[in-house]
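Engineer:
2 protein chains.
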Amino acid sequence: MTVQVVGLDGDDTLWRNEEYFAASQQAFRDLLAPYVNGDIDVDQRLEAKERTNLELFGYGVKGFTLSLIETAIEVTAGRVSGAVVQSLLDLGKGMLQQPVELIEGVAETIPLLAERYRLIVVTKGDLWNQEQKLARSSLADLMAGVEIVAEKDLATYRRILRRYDVDPATFVMVGNSVRSDILPVLEAGGRAVHIPHELTWALEVAEHDGSVPTLRSIKELPAWLEENG
Amino acid sequence: MTVQVVGLDGDDTLWRNEEYFAASQQAFRDLLAPYVNGDIDVDQRLEAKERTNLELFGYGVKGFTLSLIETAIEVTAGRVSGAVVQSLLDLGKGMLQQPVELIEGVAETIPLLAERYRLIVVTKGDLWNQEQKLARSSLADLMAGVEIVAEKDLATYRRILRRYDVDPATFVMVGNSVRSDILPVLEAGGRAVHIPHELTWALEVAEHDGSVPTLRSIKELPAWLEENG
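Protein chains in written order, with the numbering used here: chain A, 3 to 231; chain B, 3 to 231.
(1) To the nearest whole angstrom, what separates the beta carbons of M97 (chain A) and V123 (chain A), a pair I think is in contact under 8 angstroms?
(2) When you compare the CB of Q27 (chain A) with every CB in chain B, is at least one pair closer than 7 angstroms?
(3) Smallest Cα separation from F30 (chain B): which of B:V86, B:G60 and B:M3?
(4) Buried or exposed for T54 (chain A), going by 16 or more other Cβ atoms inside 10 Å?
(5) Run through DSSP, which three-state label would L56 (chain A) get?
(6) Hey, does W203 (chain B) have any beta-carbon neighbour from chain A nearer than 7 angstroms?
(7) Return the first residue and the last residue of the alpha helix (DSSP H) that G96 (chain A) is part of.
(8) What do you reckon, are the CB atoms on K91 (chain A) and E52 (chain B) nearer than 7 angstroms?
(9) Do the stretch 201-217 of chain A and the stretch 174-182 of chain A touch if we need at least three Cβ pairs shorter than 8 angstroms?
(10) Taking one C-beta from the stretch 34-43 of chain B and one from the stretch 74-88 of chain B each time, how about it: are there three or more such pairs within less than 8 angstroms?
(11) At least one CB of chain B closer than 7 angstroms to the CB of V124 (chain A): is that the case?
(12) Alpha carbons only, please: which of B:Y61, B:R161 and B:L115 is nearest the one belonging to D143 (chain B)?
(13) Leaving out five residues before and five after D128 (chain B) in sequence, what residues of the same chain have Cβ atoms less than 7 angstroms from its Cβ?
(14) For M3 (chain B), which residues does DSSP report across the bridge?
(15) Measure how close the beta-carbons of R193 (chain A) and V174 (chain A) come, nearest whole angstrom, since I'm counting them as under 8 angstroms.
(16) Nearest to I237 (chain A) by alpha carbon, out of A:I162, A:V5 and A:D14?
(17) What residues of chain A sit near V82 (chain B), judged by a beta carbon separation below 7 angstroms?
(18) Kindly indicate the opening and closing residues of the beta strand (DSSP E) around A194 (chain B).
(19) Which ranges would you report for the alpha helix (DSSP H) in the stretch 165-219 of chain B if only whole runs of at least 4 residues count?
(20) By how many angstroms is the C-alpha of Q132 (chain B) removed from the C-alpha of G147 (chain B)?
(21) For the stretch 94-156 of chain B, which segments carrying the alpha helix (DSSP H) assignment without a break, of at least 4 residues, lie completely within its bounds, in sequence order?
(22) Going by CA-CA distance only, name the one from A:L163, A:V44 and A:H199 that's closest to E189 (chain A).
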């Protein structure tokens, strides 16, 4: 069936995101370097902490910042200074204040898509922060809907398709995360287009079987939809 | 017009909430007592910090926990120990793990209301946490919809009324916060019923002009709707 509705992931599909996390993680390593010897893999400890805390915190910058602080306390055996903890808080605040930078091609492609299809942003993370990002992106007016969700799984996509009264066969989801943007959508009976981003958070890593259409840039999406949609 | 849709606030209307914040704040004072002399009003400093951070963090436990940590660093001039910061993290985690305790009367009243009206929960706070609370509340199946929102203002209520295709004249919102549950709903053309809770967060305090119907318990709501709805 013909595509009528295009779902769009936010972070690292419409706007840059993971690189700010990576930059904060680099600053985190630098701040802790005076405290830890080479035996401690700070990155690995942070990833383990994020994994453990995910069940309580969910996704987003606030939970990430809390995990930075908790990891810092652990790897320094409590010796981390108040000044360093404040620096970690400031890393988080800086991420929340970060101006939205659209991914290359988004600004010119989304208006083209909006002429032909109903567009729905489907994004996860902190509700407050994602709403601010969307408002700052100047894309909001082109969207038929915005769904900020706690998790992008089968139940979530089914709920969204019902809410907008969309036949899954007419739905294509576009995003950079195989785990969140591709696999659950295929399971829901929709189609998906993968636009990989150079950085992927460890907790998002997943693979598809190679049969999922993959584009190098969102700029290729209108032609792909024209041909395959 | 006859009431067809009842909006229900979550925190401190359906389930207990503010008392956990108050208990955490008491623990916070106790943890900081050895560091600060009587000249520093820790509560006032925390409230000021929450107010400043609100624009970045929005509502919910994660932002509260970050504000606890930042206030602790400030009032101790950076001398707060890693162990105390970990205790503050643990306060936040404890709040997120808190079993849901329904307010008295909710468990028996909501099923009665669900027989007569479409019920929509409208709640703010951390998306992840609010979804978990709703799931743990065993009320989810009785709801026609759940809206977890970043802010409960006029634009939000208008969006929800549109989304569910509700004539404002047939809508009643029920909640404990005059600022979030009452005033913006009246502005949107709906009605509102105030069920005060014994504790109200400083940033939520507002007053109405006395003309808003006020009930002592949600148990009085079915009869009130019968008579006035």
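The beta carbon of each residue, even a glycine, is placed where N, CA and C say it ideally should be. Here the structure is a predicted model, which means the values were calculated and not measured.
Structural biologist: On the basis of the data shown:
(1) About 20 angstroms separates the two Cβ atoms, so there is no contact after all.
(2) no
(3) B:V86
(4) exposed
(5) helix
(6) no
(7) G84 to Q99
(8) The sequence given here places Leu at residue 91 (chain A); Lys does not occur at that position. Cβ distance not < 7 angstroms, so L91 (chain A) and E52 (chain B) don't count as in contact.
(9) yes
(10) yes
(11) no
(12) B:L115
(13) G62, V63 and K64
(14) In the DSSP output, where bridge partners are listed per residue, M3 (chain B) has none listed.
(15) 5 angstroms
(16) It is not possible to answer for residue 237 (chain A), since the shown part of chain A is limited to 3 through 231.
(17) G84
(18) R193 to H196
(19) 185-189
(20) 14 angstroms
(21) 108-118 and 129-139
(22) A:L163
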